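Colleague: Dropping the structure in here first, questions after.
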Amino acid sequence: MLSVEGLRVTYASGRRRFDAVREVSFTVAPGETFGLVGESGCGKSTTGRALLRLVRPSAGRITFDGHDVAAFGRRTPQWYRRAVQVVFQDPLASLNPRMLVSQTLEQAVRAGGGDAKVAELLDQVGLAQKLAARYPYELSGGQRQRVAIARALSVGPRLVICDEAVSALDVSTQAQIIDLLTGLQKELGLSLLFISHDLAVVRQISHRVGVMYLGRLVETGPAEQVYREPRHPYTRMLLDAVPVPDPQTQRERRLGRARPLGEPASPLSPPSGCAFHPRCPIAIDACSAVDPPLRDGVLCHLEPKENA
Ligand code: SF4
Ligand code: MG
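Here it is in structure tokens:
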């Protein structure tokens, strides 16, 4: 359904240009959840923004049901805007504070040219009908995120991009929203692109996972495989950083602060060769000089057996 091939997004920072995303390729099948995971600044959100046509790729190809998304021209066709929806991290920022929940949903339905009913939408996301007459600030974080999901559903999407959609919520609310998304996926056959820095959350919801580092996808595979037998040194480092259950470290992990091998380099000036080489415990000479090859979903000079 969705295919991303060799995606590159180049940003300008002053007079410098840098690739926020480079040679990123993956697919999302109908009814599938593809999880994109990595530290902040690795290009996950930029990838999502390219799919939403909020940024223009400098190379590569995005196709949706065989349609070349770059060929749409300046105006995104309505069918694509309906087909691909997004839920962001902070619904307070993405919901109009002066609009009642009912108005927000009605406006979304009208904009999409659909005929969904507010009552049905609230029902679908498990919100009480009386909340239709509330403003966003009168709702809890979880309720607001349910409104954001209802708004996405109001136009009948096929793919919903969830960009850190549960990252601001407490752990039990996270679990409820993930249950809701999983249920909606089964019921509606939705595909999800689930973007998060939180490995545990991505594992809960994803069928397949892609791990990003400084703009590149360094490992892609079935979620079970990636979590049980990570094949890229960076994936192993991320998984090793998931601490034992301890409230303090767990909080740090959720905030993405557990970085035992130092900070990633800046995407403005990524290291030569394999961008991970300054942090890689098993780097060889070639790693700092030569771009690593992509083999079976793993971007590394060493074979999985060699680098284990
Ligand atoms: Fe480590 Fe080299 Fe593989 Fe990069 S290419 S992950 S530096 S071993
Ligand atoms: Mg982001």
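Converting from the sequence shown to this note's numbering requires adding 613 to each position, the first position being numbered 1. Cβ coordinates follow ideal geometry from the N, Cα and C atoms, glycine included. Computed from a predicted structure; not experimentally measured.
#1: Assuming contact is defined by CB atoms lying nearer than 8 Å, are Val699 and Gly661 in contact in what I supplied?
#2: Look at the alpha carbon of Leu812 and the alpha carbon of Ala878, and state the distance between them as a whole number of angstroms.
#3: Between which two residues does the alpha helix (DSSP H) harbouring Gln586 extend?
#4: Compute the distance between the beta-carbons of Ala745 and Ser715, then report whether it is under 8 Å.
#5: For the alpha helix (DSSP H) that Arg771 lies in, which residues bound it at each end?
#6: Would DSSP call Tyr750 helix, strand or coil?
#7: According to the neighbour-count rule (16 or more other Cβ atoms, all chains shown, within 10 Å of its Cβ), is Phe930 buried or exposed?
#8: Closer than 7 Å to a non-hydrogen atom of the ligand SF4 - does that hold for the CB of Asp704?
#9: How about Val815 and Val650: do their beta carbons lie closer than 8 Å?
#10: List the endpoints of the continuous alpha helix (DSSP H) containing Ile897.
#11: Would you identify the three-state DSSP class for Pro704, choosing helix, strand or coil?
#12: From the DSSP secondary-structure annotation, give me the bridge partner or partners of Ser809.
#13: Shorter than 7 Å, the distance from the beta carbon of Ala896 to the closest heavy atom of the ligand SF4, or not?
#14: For Arg864, which residues in the same chain have their Cβ closer than 7 Å to its Cβ, ignoring the five residues on either side in sequence?
#15: Assuming Pro835 contacts Gln758 (C-beta within less than 8 Å), just tell me the rounded distance between them.
#16: Considering only the alpha carbon of each residue, which of Met614, Thr717 and Met825 lies closest to Pro749?
#17: Express the C-alpha separation of Glu832 and Arg821 in angstroms, rounding to a whole number.
#18: Under a three-way DSSP split, which group does Gly869 fall into?
#19: In whole angstroms, what separates the C-alpha of Gln838 from that of Leu881?
#20: Given Ile675, which residues of its chain have a CB within under 6 Å of its CB, disregarding the five upstream and five downstream residues?
#21: May I have the straight-line CA-CA distance separating Ile897 from Arg844, to the nearest angstrom?
#22: Per DSSP, Asp904 is paired with what?
#23: Just verifying my parser: in three-state terms, what is the DSSP assignment at Glu636?
#24: Could you check the C-alpha separation between Ala633 and Leu734 for me, to the nearest Å?
Modeller: For this structure:
#1: The residue labelled residue 699 in the question sits at position 86 within the sequence shown. The residue labelled residue 661 in the question sits at position 48 within the sequence shown. In this structure, Gly661 lies closer than 8 Å to Val699 by Cβ.
#2: Reading the sequence shown from its first residue, position 199 is the one you call residue 812. Reading the sequence shown from its first residue, position 265 is the one you call residue 878. In a straight line, the C-alpha of Leu812 is about 20 Å away from that of Ala878.
#3: There is simply no residue 586 to check, as the chain begins at 614 and stops at 921 in what is shown.
#4: In the sequence shown, counting from the first residue as 1, residue 745 sits at position 132. In the sequence shown, counting from the first residue as 1, residue 715 sits at position 102. Yes. Within cutoff.
#5: If you number the sequence shown from 1, residue 771 lands on position 158. Neither: Arg771 is in no alpha helix (DSSP H) and is coded neither H nor E.
#6: As a first step, residue 750 is located in the sequence shown; it is residue number 137 there, counting from the start. DSSP places Tyr750 in the helix class (H, G or I) of the three-state scheme.
#7: This structure gives no information on residue 930, because the portion of the chain shown stretches from 614 to 921.
#8: Reading the sequence shown from its first residue, position 91 is the one you call residue 704. In the sequence as presented, Asp is not what sits at residue 704; that position holds Pro. No, the ligand SF4 has no heavy atom inside 7 Å of this Cβ.
#9: Working through the sequence shown from its first residue, we reach residue 815 at position 202. Working through the sequence shown from its first residue, we reach residue 650 at position 37. Contact annotation: Val815 and Val650 have beta-carbon atoms nearer than 8 Å.
#10: Position 284 of the sequence shown, counted from the first residue, corresponds to residue 897. Counting along the chain, no alpha helix (DSSP H) covers Ile897, and no H or E run does either.
#11: For the purposes of this step, residue 704 is taken as the residue at position 91 of the sequence shown. If DSSP states are grouped into helix, strand and coil, Pro704 belongs with the helices.
#12: The residue given as residue 809 occupies position 196 in the sequence shown. As DSSP reads the structure, Ser809 sits in a beta bridge with Val650.
#13: Indexing the sequence shown from 1 puts residue 896 at position 283. Yes, since a heavy atom of the ligand SF4 falls inside the 7 Å radius drawn around the Cβ of Ala896.
#14: Working through the sequence shown from its first residue, we reach residue 864 at position 251. Note on Arg864: pLDDT 47, under 50, position unreliable in the model; the coordinate value appears next. Cβ within range, chain order: n/a, list empty.
#15: Numbered from its first residue, the sequence shown carries residue 835 at position 222. Numbered from its first residue, the sequence shown carries residue 758 at position 145. With 8 Å as the limit, Pro835 and Gln758 do not qualify as a contact, their Cβ atoms being about 27 Å apart.
#16: Mapped onto the sequence shown, residue 749 falls at position 136. Considering only alpha carbons, the answer is Thr717.
#17: Mapped onto the sequence shown, residue 821 falls at position 208. Mapped onto the sequence shown, residue 832 falls at position 219. Spanning the two alpha carbons is a distance of roughly 11 Å.
#18: Translated into positions along the sequence shown, residue 869 becomes position 256. Bear in mind that a pLDDT of 43 at Gly869, under 50, signals an unreliable position, so the number given afterwards is only what the model happens to contain. Correct three-state label for Gly869: coil.
#19: In the sequence shown, residue 838 corresponds to position 225, counting from 1. In the sequence shown, residue 881 corresponds to position 268, counting from 1. If you take the alpha carbons of Gln838 and Leu881, they lie about 32 Å apart.
#20: As a position in the sequence shown, residue 675 is number 62, starting the count at 1. Correct list, in chain order: Val617 and Val682.
#21: The residue you call residue 897 lines up with position 284 of the sequence shown. The residue you call residue 844 lines up with position 231 of the sequence shown. Their Cα atoms are separated by approximately 16 Å.
#22: One-based indexing of the sequence shown puts residue 904 at position 291. Asp904 pairs with nothing; no bridge assigned.
#23: Taking the first residue of the sequence shown as 1, we reach residue 636 at position 23. DSSP, reduced to helix, strand and coil, places Glu636 within a strand of the structure shown.
#24: What you label residue 633 is simply residue 20 of the sequence shown in a count that begins at 1. What you label residue 734 is simply residue 121 of the sequence shown in a count that begins at 1. Distance between the alpha carbons of Ala633 and Leu734: 36 Å.
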